[in-house]
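See structure below.
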Ligand code: MLT
């Protein structure tokens, strides 16, 4: 570990099957809060693309990164924790969008003392129903068989973006589509299987006493109002935000409002006096 960073950093965890690009529009305003940002590409996505299991790999830094880990969101969480350790960040505020929210909950289980604030965006606390689980496993098989994510992008973009973005922001629609279409099918399948295996996290949230934010796009077709209510009921110190005019990808669809909400959470963390550990 390098010298410990005494102020909490802000960790932004992206949605499936995208990468850190989901935070692009909020990086500037959040940097202006003076908080250091850590914005990883989660396992297999974006710049963290894996080599296939068994393949030769010349880069020793990534020599242990194969595609054969058991699908489990805790693997993603451990990698995020290793990144925090590498930069000497002893405490952090977590902000997770959808799958990123599931990873945030896994991080709270792994290292509860490291986290001093929590923003859950367009995500859910419950485990999958058997039908949802079966659907994920089917998609995982199909995407690997297809060998690319073009059909997945066609299917997912209409559900991910709300009506305003779909009709008024063609460049955003194209950017999201391009990112999904370029994703690694093996990483997509692994993440689907890992999400299918995730536990209910109600007890995890109930044990988090720090300041929290639960945000949802009002037109989110994936995470429901009930999902938001369940997270608010579980968290002892959560504030709700509902964004009109936004679908599931709120940091891309309503970046000003999302940055303001996360900035407000950072203020609450500072005021709570628990920020520096
Ligand atoms: C996401 O946006 O990360 C996904 O909708 C999460 C999920 O499939 O549950």
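Numbering (the working numbering), first residue to last: 1 to 277. Where is the CB? At the ideal position from N, CA and C, for every residue including glycine.
Would you say the beta carbon of residue i is closer than 8 Å to some non-hydrogen atom of the ligand NAD?
i	result
residue 222	As far as ligands go, the structure on display features the ligand MLT and does not contain the ligand NAD.
Along the chain, where does the beta strand (DSSP E) containing residue i start, and where does it finish?
i	result
residue 251	Unbroken run through residue 251 is the alpha helix (DSSP H), 250 to 253; no beta strand (DSSP E).
residue 10	9 to 13
residue 96	92 to 97
residue 240	238 to 243
Quick check on residue i: buried or exposed, where buried means 16 or more other Cβ atoms within 10 Å of its Cβ?
i	result
residue 267	exposed
residue 269	buried
residue 123	buried
residue 273	exposed
residue 229	exposed
residue 39	buried
residue 171	exposed
residue 138	exposed
residue 119	buried
residue 271	exposed
residue 179	buried
residue 28	exposed
residue 188	buried
residue 204	buried
residue 283	Residue 283 lies beyond the residue range present for the chain, which begins at 1 and ends at 277; the question has no answer from this structure.
residue 163	exposed
Tell me the rounded alpha-carbon separation between residue i and residue j.
i	j	result
residue 32	residue 259	10 Å
residue 234	residue 108	14 Å
residue 226	residue 173	27 Å
residue 117	residue 212	6 Å
residue 200	residue 34	34 Å
residue 62	residue 264	Low local confidence applies: a pLDDT of 41 at residue 62 is under 50, so the model's placement there is unreliable, with the coordinate-based value given in what follows. Each residue's alpha carbon lies about 37 Å from the other.
residue 208	residue 110	13 Å
residue 23	residue 10	12 Å
residue 95	residue 151	29 Å
residue 198	residue 165	30 Å
residue 47	residue 41	6 Å
residue 60	residue 169	Because residue 60 carries a pLDDT of 39, less than 50, the predicted location of this residue cannot be relied on, and the following value inherits that uncertainty. Roughly 42 Å between the two C-alpha positions.
residue 127	residue 191	14 Å
residue 125	residue 74	15 Å
residue 175	residue 70	31 Å
residue 80	residue 97	15 Å
residue 7	residue 261	19 Å
residue 251	residue 217	10 Å
residue 254	residue 195	26 Å
residue 214	residue 121	6 Å
residue 13	residue 43	11 Å
residue 193	residue 247	24 Å
Which residues bound the alpha helix (DSSP H) around residue i?
i	result
residue 74	73 to 86
residue 36	Looking at the DSSP string, residue 36 is not in any alpha helix (DSSP H), and its letter there is neither H nor E.
Just list the beta strand (DSSP E) runs in the segment 106 to 153, keeping only unbroken ones of 3 residues or longer that don't cross its boundaries, in chain order.
115 to 121
Every unbroken alpha helix (DSSP H) within the segment 151 to 184, with a cutoff of 4 residues, ordered by chain:
163 to 168, 170 to 181
In chain order, which beta strand (DSSP E) runs of at least 3 residues are fully inside the segment 180 to 230?
For the segment 180 to 230, whole beta strand (DSSP E) runs of length 3 or above, ordered along the chain, are 212 to 217.
The segment 150 to 157 in contact with the segment 237 to 247 per 3-pair CB rule at 8 Å
no
Pair every Cβ in the segment 80 to 100 with every Cβ in the segment 144 to 155, then say whether three or more of these pairs are closer than 8 Å.
Too few Cβ pairs lie closer than 8 Å, so no.
Per the contact definition of three or more C-beta pairs closer than 8 Å, is the segment 91 to 109 in contact with the segment 128 to 135?
no
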